[in-house]
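Residue numbers (this note's numbering): 41 to 505. The C-beta atom is built at its ideal place from N, Cα and C for all residues, glycine as well.
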Amino acid sequence: MINLFDTAISDTVPVVASREQTVGIYVCGATVYGPPHVGHGRFALVYDILWRYLEYAGYKVVFVSNVTDLDDKIIDRANKENRSWRDLAVESETQWWRNMELLNVRKPHHTPHATDYIVQMVELIVKLEEKGYAYRLGDGVYMEVGKLSSYGLLAHQSLDSLKSGARVSVDTSKRSPLDFALWKAAKPGEPTWESPFGPGRPGWHTECVVMASSLLGDDFVLHGGGLDLCFPHHENERAQAQALNIHFAGHWIHNGLVEVGGQKMSKSLGNYVTLEDMFKEHDPSAYRLLVLQSSYRSPVEVTPELMEDAEKALERLNTLARRLEDIRKTANATDLELTDIMSEADIEEKKRNFVNMMEDDLNTPSGVALLFTSLRQANALLDRHDIRSGYQLGKFVVDTFLMLGINSVAPAEVMDPMILELVRARDEARLKQDFVKADELREKIKLLGYMVEDSQSGAQLRNTH
RNA sequence: GGCGGCGUGGCCGAGUGGCUUAGGCAAGGGCCUGCAAAGCCCUGUACCCCAGUUCGAUUCUGGGCGCCGCCUCCA
41 MINLFDTAIS DTVPVVASRE QTVGIYVCGA TVYGPPHVGH GRFALVYDIL WRYLEYAGYK
101 VVFVSNVTDL DDKIIDRANK ENRSWRDLAV ESETQWWRNM ELLNVRKPHH TPHATDYIVQ
161 MVELIVKLEE KGYAYRLGDG VYMEVGKLSS YGLLAHQSLD SLKSGARVSV DTSKRSPLDF
221 ALWKAAKPGE PTWESPFGPG RPGWHTECVV MASSLLGDDF VLHGGGLDLC FPHHENERAQ
281 AQALNIHFAG HWIHNGLVEV GGQKMSKSLG NYVTLEDMFK EHDPSAYRLL VLQSSYRSPV
341 EVTPELMEDA EKALERLNTL ARRLEDIRKT ANATDLELTD IMSEADIEEK KRNFVNMMED
401 DLNTPSGVAL LFTSLRQANA LLDRHDIRSG YQLGKFVVDT FLMLGINSVA PAEVMDPMIL
461 ELVRARDEAR LKQDFVKADE LREKIKLLGY MVEDSQSGAQ LRNTH
């Protein structure tokens, strides 16, 4: 049973009763108004890893993550650029999915768009108004949070203390500075929909409640998002659900943020690196490994140095994968069955340990550590020519990384006849002990982009980058 | 001001009241190799400071210092 830290109760608790139960997960996704940055990449990776793990562990998962395609920021930016907000949203969303693909983040089962749920949002606001939780002002409909005794659950603060900390807003007509917009009245140059409260558009907090409960029902298991969404966004989602007696999220989980020089990366601070820029310099898989090597709740600094470290670690995995592939090609299946040096029970135990770590609040750093320890053991076994054990243990490592979304398939074989000829000539030179010539040829091959490494099964080629 | 979190060896980063330790990167030594590379083996006198609890604390408690997040849009 997986245990996760639930922000609502500040404790790590079992989140799923049984593996038969379907785990509905809703994660607040992207607002599509610009290129996604490294911080967005992290949350996408974290929940992708959680989802993959849950399935691996035998849970049934329905994963939903929305696309906010209607929001102040989109409208502002589109107006600034003198273009249609829809175009901007569509273009940014395309960019989003392209980046997700590069990160090997799987597409959620459902990716609801805010603009497709306006009718349901209006219905929800009507209900809130009927129940007396909402009131109208000139510029929209507001949620009166003071009517909810449990407001502040996620912030871990009382209404009063939240109020005292609230920065004074220019607009003081609200009954409380904490009251938030459910419906924003139409303004010139903004998209609008008709409603009983006049033309306008829904507020962001309403979008997520409606999409989550529409697709997952009233009582889904997990609601996730970046730590910075905890308050007020998630608090406000909760408030609306509670006002309408919707059970809503069973547990609230939040991922830590990416930091730059000790400060959180965000669009508003302008200290962000886009994923696309990062991928120009680094392997997207290395970013996934970096994310796996830190606790999902901790802040993480993403520097070029750390990315390079992760890339080097990844290279060890790829080397092992290549080694296994060479073995697989030359051996029969029965040659690779386990011996008593490394029995099936030994590998099963490693799997169990791995699962235990993951179920302990998704402790991926420990899980990855176990995999690297196994990786070293596998290499050691192979070095000692215990091919069966080494192969099976190595396979466990490679397969488990694959499960986590890191694909370490050995690179395609080099077919370039010119390079193959150089390699052949070098082999010949080496046989004749003409090492000067052999080294010259190795240099030549290196210039063509390949490292030559001599192994027991002959010269091996691999990309130099 | 309120609330929450963090401070581990050169860097990143798990974890634990003692026991045997994480793991990755870097560094040093060795094995292997024509040389490399890869791989393996060995090496690190780590737990912010001060008190307290304890036979014993990096781990628990209290205080201090420092850093961060949220209280406004933000993954």
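Each residue's CA atom was taken as its position, placing Ala154 and Ile65 some 18 Å apart. Around the C-beta of Val449, fewer than 16 other C-beta atoms lie within 10 Å, and the residue is accordingly described as exposed.
Note on geometry: alpha-carbon atoms of Lys369 and Gln432 lie some 14 Å from one another. As the crow flies, the alpha-carbon of Ala226 is around 18 Å from that of His245. Per DSSP, the continuous beta strand (DSSP E) segment holding Trp223 begins and ends at 220-225. A direct Cα-to-Cα measurement between Ile293 and Thr343 gives close to 26 Å.
For Lys352, there is no enclosing beta strand (DSSP E); the residue is found in the alpha helix (DSSP H) stretching over 344-370.
Spatial neighbours of Leu44 in its own chain (CB-CB distance under 8 Å, excluding positions within 5 residues in sequence) are listed in chain order as Thr52, Val53, Val55, Leu262, His291, Ile293, Asp401, Leu402.
Counting only the Cα atoms, Ala174 lies some 6 Å from Leu168.
In this structure, Glu275 lies away from Ala221, with their beta-carbon atoms at least 7 Å apart. Annotated three-state conformation of Met318 is helix, per DSSP. DSSP, reduced to helix, strand and coil, places Gln500 within a strand of the structure shown.
Annotation for Asn144: Gly445 place their beta carbon closer than 6 Å to its own, counting only its chain and skipping 5 residues before and after. For Gly434, the closest of Arg356, Asn393, His150 by C-alpha to C-alpha distance is Arg356. Note that the segment 346-355 touches the segment 313-326; at least 3 beta-carbon pairs, one per stretch, sit closer than 8 Å.
Met161 is positioned such that its CB atom lies no closer than 7 Å to that of Val107.
Taking C-alpha positions only, Arg278 is separated from Asp259 by approximately 12 Å.
For Gln333, the CB contacts under 6 Å within the same chain, skipping 5 residues up- and downstream, are Pro405, Val408 in chain order. Across the structure, Leu364 and Lys472 are spaced so that their CA atoms are roughly 30 Å apart. For Met398, the enclosing alpha helix (DSSP H) starts and ends at 384-399. The alpha carbon of Gly430 has as its nearest neighbour, out of Leu415, Ser495, Tyr336, the alpha carbon of Leu415.
Around the Cβ of Lys390, a 10 Å sphere holds 16 or more other Cβ atoms; the residue is buried. Rounded to the nearest angstrom, the gap between the Cα atoms of Glu234 and Ala70 is 26 Å. In the three-state reduction of the DSSP assignment, Asn106 falls in the strand class.
Per DSSP, reduced to three states, the secondary structure at Met491 is strand. Distance between Lys100 and His150, taken at the CA atoms: about 15 Å.
The DSSP-derived three-state label of Ala48 is coil. Cα atoms of Ile387 and Ala420: separation of roughly 16 Å, rounded to the nearest angstrom. At a cut-off of 4 residues, the continuous stretches assigned as alpha helix (DSSP H) that sit fully inside the segment 54-134 are 78-96, 112-120.
If you draw a straight line from the Cα of Thr359 to the Cα of Ala129, it comes to about 41 Å.
Cβ contact annotation for Ala281 (same chain, cutoff 6 Å, sequence separation greater than five): Val249, Phe288, in chain order. Boundaries cannot be given for Trp233, as no beta strand (DSSP E) includes it and DSSP labels it neither H nor E.
Note on geometry: alpha-carbon atoms of Arg466 and Ala499 lie some 9 Å from one another. The continuous stretches of alpha helix (DSSP H) do not include Arg176, which lies in the beta strand (DSSP E) extending over residues 174-177.
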